[in-house]
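Take a look at the structure set out below.
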Amino acid sequence: MIAHDDRTVGLDPTPDQRALRDAVHALCASFGDPYWRGIDAQRGYPDAFIAALTENGYLAALIPEEYEGAGLGMAEACIILEEVNRTGGNAAACHAQMYIMGTLLRHGSEEQKRRYLPAIARGELRLQAFGVTEPTAGSDTTKITTTAERRGDRYVVNGQKVWTSRVQHSDLMLLLARTAPPSDDPKQKTLGLSTLLVDLRAAPPGTIDVRPIRTMMNHETNEVFFRDLEVPAENLIGEEGRGFRYILDGMNAERILIAAECVGDGGYFIDRAVRYSSERVVFGRPIGQNQGVQFPIARAHAAVMAADLVRRQAAALFDAGRPCGAEANTAKLLASEASWQAANAAIDAHGGYGFAEEYDIERKFRETRLYITAPIANNLILSYIGQHVLGMPRSF
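Quick note on full-length UniProt numbering: the sequence shown kicks off at 1 and runs consecutively.
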């Protein structure tokens, strides 16, 4: 594997960050391609891998030490997820716990944090499920119709979510539901939505119906139907009716972490493409000697480097508590497109073998394509940049 160059002027890694990268890399490399190939073939869930990450405290990276977490920053969380993907793994099985955590950390009550965070840090609970998207609303989150009606000391939830990933492997779900009718005032359209922490283990039979969605990659995602599910009122995060703002507050973290995964994917594809094209001899010379093979790999490498720089800047701003919406969104846009560019270069370099399961390129090819579309489509990021960064009229 090509050595990872961690030098970034003004953002040089600390000795602890270098040690973290080495340790995560070693752990992830111990699983290897056969493990992930087998999980993919069975459409299984990497329980052993998740258990190893949890045991070493990596999934508790962003949980403060006072709640038994590692107390690390966004820069360190990025290192963890990047290395998972760079070594050929799939961080989709664990990344949500990191970025969902921000909503609970920033807006949860002290009692909620002390009740749940230590157990999550110890691996006794998993907070992986994020119930936001609905079939009739899509990316227009303010149009969701799932309701949470207050009845005494409980909320009663009815409705449907879609693309709710990892719910079958999670103990807790962060759920966005409507607690008041939508406002006729366009300026107030985000009000009336509330965030609830749902204990999936406590749901009586028949109140939650989970229906898996089979996708082109092994990504455990589902439709979820709620029928008179009762959630204790004490599980409301923050103030009633302001849940949309709390969800948005975690979006910058989500964008930055997804960008880190894509940078890891990009590095994986470039490593494999360079190695194969340097060793594969056709017509008496390595195919990597041909500019038609070499240049697309080099261009993909340049794209990944550029995306990585923006991602590091976004993480540094996030950790400093400074606004980073432009950088976080730009990082996700550039990194997802760079990883896809690297994936195509790797497929082309491998020729027919790129489509063979034993080479693992086709598996990672399918996995990395997801991030141009999810968790937010790149066209919506362009809309964000046009409106909020460049000051252009709203496009939708």
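Ideal Cβ positions, reconstructed from N, Cα and C, are used throughout, including at glycine.
Computed from a prediction, not measured in an experiment: that's the story for all the values here.
So residue i packs on residue j, CB below 8 Å; how close in whole Å?
i	j	result
F200	Q112	The sequence as given places Leu at residue 200; Phe does not occur at that position. Between Q112 and L200 the Cβ distance is about 16 Å, and since that is not below 8 Å, they are no contact.
I247	T195	6 Å
T221	T164	7 Å
V167	V84	No, V167 and V84 are not in contact; Cβ-Cβ is about 21 Å, not under 8 Å.
T190	G123	Actually they do not touch by this definition, with Cβ atoms about 35 Å apart.
P64	G57	Incorrect: roughly 13 Å between the Cβ atoms, too far for contact.
C262	S339	4 Å
I258	L174	Not quite, the Cβ-Cβ distance comes to about 17 Å (not below 8 Å), so this is no contact.
F49	G88	So it is not a contact: roughly 11 Å between Cβ atoms.
V389	A298	Not confirmed; about 30 Å, so no contact.
F226	T146	7 Å
D308	R37	Contact doesn't hold; Cβ gap of about 27 Å is too wide.
E337	I372	7 Å
Going by DSSP, what residues sit across from residue i in a beta bridge?
i	result
N329	Answer is none; N329 lacks a bridge partner.
A61	Paired residue(s): none; A61 is not in a bridge.
Q160	F225
R285	V282
A129	M173
V231	Y155
S165	T221
T195	L176, I237
D209	F225
E149	V156
R214	Answer is none; R214 lacks a bridge partner.
R114	R114 is not bridged to any residue.
R242	L193
According to the Cβ coordinates, are residue i and residue j closer than 8 Å?
i	j	result
I80	A52	no
A260	E82	yes
A314	A302	no
G69	A119	no
Q128	Q160	no
I237	C78	no
A93	Y45	yes
Y116	V231	no
G354	A346	yes
E134	V157	no
D171	R126	yes
A233	D153	yes
I208	L176	no
A374	S277	no
R311	A335	yes
F295	T141	no
D16	R106	no
A342	V293	no
M74	A300	no
G192	P205	no
E76	L27	no
Y67	R114	yes
Any beta carbon from chain B within less than 8 Å of residue i's own beta carbon?
i	result
G386	Absent here is chain B; the protein component of the structure consists of one chain.
Between the segment 266–284 and the segment 315–323, can you find at least three pairs of beta-carbon atoms closer than 8 Å? With a cut-off of 8 Å, the segment 266–284 and the segment 315–323 do not count as touching, because too few Cβ pairs lie within range.
Give, in chain order, every unbroken run of the alpha helix (DSSP H) that is at least 4 residues long and sits entirely within the segment 41–87. Qualifying alpha helix (DSSP H) stretches, in chain order: 47–55, 74–86.
Is there contact here, the segment 366–385 with the segment 207–218, by at least three beta-carbon pairs under 8 Å? As far as the Cβ criterion goes, the segment 366–385 touches the segment 207–218, which means the pair count is three or higher.
Could you check whether the segment 325–339 touches the segment 377–386, counting it as contact only if at least three pairs of C-beta atoms, one from each stretch, sit closer than 8 Å? Contact holds between the segment 325–339 and the segment 377–386, because three or more Cβ pairs, one in each stretch, are under 8 Å apart.
Scan the segment 329–380 and note each continuous beta strand (DSSP E) run of 3 residues or more that stays entirely inside, going in chain order. Fully enclosed beta strand (DSSP E) runs of 3 or longer: not present.
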